[in-house]
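Going line by line, the protein sequences match chains P and A. FYI, in the working numbering the residues of the first sequence are 1 to 92. FYI, in the working numbering the residues of the second sequence are 93 to 291.
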Amino acid sequence: MLATGFFSVRGVVQFIYWSDPAHRDQSLEPWMPLGFVARSYDVERDALAAALELSPGANKGVPLEDLAETRGQEFEAFAREVEAVIQDLRSR
Amino acid sequence: MTEWLLAALPTYGLPALSASIFLACLGVPLPASMMLLLSGAFVASGDLPVVLTVLTAFGSAVIGDNTGFLLGRYASGFLARHTEAIQKVGAYLQERGAWAIFLSRWLVAPLGPAINLAAGASAVSWRRFLAPELAGEVVWVGLYVSLGAAFGHALTMLSDALSTFIGLATSLTLMAIAIRLLRQHRVRQRKSVAFGQGS
Chain P
1 MLATGFFSVR
11 GVVQFIYWSD
21 PAHRDQSLEP
31 WMPLGFVARS
41 YDVERDALAA
51 ALELSPGANK
61 GVPLEDLAET
71 RGQEFEAFAR
81 EVEAVIQDLR
91 SR
Chain A
93 MTEWLLAALP
103 TYGLPALSAS
113 IFLACLGVPL
123 PASMMLLLSG
133 AFVASGDLPV
143 VLTVLTAFGS
153 AVIGDNTGFL
163 LGRYASGFLA
173 RHTEAIQKVG
183 AYLQERGAWA
193 IFLSRWLVAP
203 LGPAINLAAG
213 ASAVSWRRFL
223 APELAGEVVW
233 VGLYVSLGAA
243 FGHALTMLSD
253 ALSTFIGLAT
263 SLTLMAIAIR
273 LLRQHRVRQR
283 KSVAFGQGS
């Protein structure tokens, strides 16, 4: 019964938390592949790849961390770049 | 831990999914459902092949469940001697366990590993176990991959909502079982009292 109470309260708390749209954008994580990022932020995968000067389709399943490494960048710097490109693509 | 596992999925691909599902079926506390949701999202974003992902998830779950069942069977002597609960659960499963086995694959998933062991340890035949087990895993894989594919853009939200729902369903089930056992216990007590007065 305690557990049921716990999960009910948790449900309500989560509902309130996720009702705020600001909480819904997932921040970029090192493990996310580019296609997943494109879907999460609702931008074209190929457009995102092109804007980052990556060949479309060649990076399937490759996490951001590894993409950053092949570009000789730190993950944080690369993530900021990706975010900027997403903003740019969204505003078009 | 969860972050590390999620990172393993794009890096190691389907073997990582397979291993975590297999171990989760045996009761190792891994976020297999979350991994499956993420796989669904990767299928939608073109980072994983759909057919192979579904087959891998389904195959690993079935192998995991049946390994649990076999472990229960081999350890049945030991388990029967040490836990009365296993025997009770086993008797119930034999009687009308199909639904319990089916639902513990996806709706009350946290009970799955225990049900596998109990079914193996009790008199439940492998055939009786297999049909609801396969059906249940079809629902689990189908549900989580499609939800992951449809709502991959809000994965944490989806995973939070699902785990709360599963937790609620599981705790309600356990509560119902506890109430029922308590009632049976009381009825038995009353009977024995009545019998005592009668004699």
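All C-beta atoms in this analysis are idealised placements derived from N, C-alpha and C, irrespective of residue type, glycine included.
Rank the options by C-alpha distance to the C-alpha of residue i and give the top, closest one.
i	options	result
Ser263 (chain A)	A:Leu254, A:Ser131, A:Pro202	A:Pro202
Gly244 (chain A)	A:Leu130, A:Ile193, A:Val279, A:Gly119	A:Leu130
Ala164 (chain A)	A:Ala210, A:Trp232, A:Phe194	Note that residue 164 (chain A) corresponds to Gly in the displayed sequence, not to Ala. Of the candidates A:Ala210, A:Trp232, A:Phe194, the one whose C-alpha sits nearest the C-alpha of Gly164 (chain A) is A:Ala210.
Ala77 (chain P)	P:Met1, P:Leu52, P:Lys60, P:Leu89	P:Leu52
Gly182 (chain A)	A:Ala213, A:Glu229, A:Ala153, A:Val200	A:Ala213
Ser112 (chain A)	A:Gly138, A:Val143, A:Ala149, A:Arg220	A:Ala149
Tyr104 (chain A)	P:Asp88, P:Ile86, P:Phe75, P:Asp66	P:Asp66
Thr256 (chain A)	P:Gln73, P:Gln14, P:Leu28	P:Gln14
Leu147 (chain A)	A:Glu229, A:Lys180, A:Glu95	A:Glu229
Ser27 (chain P)	P:Ser91, P:Ala84, P:Arg92	P:Ala84
Ser193 (chain A)	A:Gly259, A:Arg220, A:Ala124	Looking at the sequence provided, one finds Ile at residue 193 (chain A) rather than Ser. Minimum Cα distance to Ile193 (chain A) is reached at A:Arg220.
Leu106 (chain A)	A:Pro123, A:Leu195, A:Met127, A:Lys283	A:Met127
Leu34 (chain P)	P:Arg92, P:Asp88, P:Ala68	P:Ala68
Leu98 (chain A)	A:Leu247, A:Lys283, A:Leu274	A:Leu247
Val233 (chain A)	A:Pro205, A:Arg272, A:Ser217, A:Val142	A:Val142
Ala167 (chain A)	A:Asn208, A:Pro121, A:Arg272	A:Asn208
Leu235 (chain A)	A:Leu254, A:Tyr184, A:His277, A:Gly151	A:Leu254
Ala136 (chain A)	A:Ala242, A:Ile271, A:Ser110	A:Ala242
Thr145 (chain A)	A:Gly169, A:Leu115, A:Val279, A:Val237	A:Val237
Pro56 (chain P)	P:Leu64, P:Arg45, P:Pro63	P:Arg45
Quick one: what does DSSP say residue i is sitting in, helix, strand or coil?
i	result
Pro107 (chain A)	helix
Pro63 (chain P)	strand
Pro33 (chain P)	strand
Ser291 (chain A)	For Ser291 (chain A), the pLDDT reaches just 43, beneath the cut-off of 50, and the residue's location in the model is therefore unreliable, leaving the point undetermined.
Phe161 (chain A)	helix
Ala167 (chain A)	coil
Phe194 (chain A)	helix
Arg280 (chain A)	helix
Glu44 (chain P)	coil
Leu199 (chain A)	coil
Ser55 (chain P)	coil
Asp252 (chain A)	helix
Ser27 (chain P)	coil
Val9 (chain P)	helix
Leu118 (chain A)	coil
Met1 (chain P)	coil
Arg71 (chain P)	coil
Phe243 (chain A)	coil
Pro102 (chain A)	helix
Leu74 (chain A)	With chain A covering 93 to 291 only, the question about residue 74 (chain A) has no answer from this structure.
Gly182 (chain A)	helix
Taking the alpha helix (DSSP H) that residue i belongs to, which residues open and close that run?
i	result
Val85 (chain P)	75–91
Ala215 (chain A)	Per DSSP, Ala215 (chain A) belongs to no alpha helix (DSSP H) and is neither H nor E.
Met127 (chain A)	124–136
Would you say the beta carbon of residue i is closer than 7 Å to some non-hydrogen atom of the ligand NAD?
i	result
Thr159 (chain A)	Ligands displayed in this structure: none; no statement on the ligand NAD is therefore possible.
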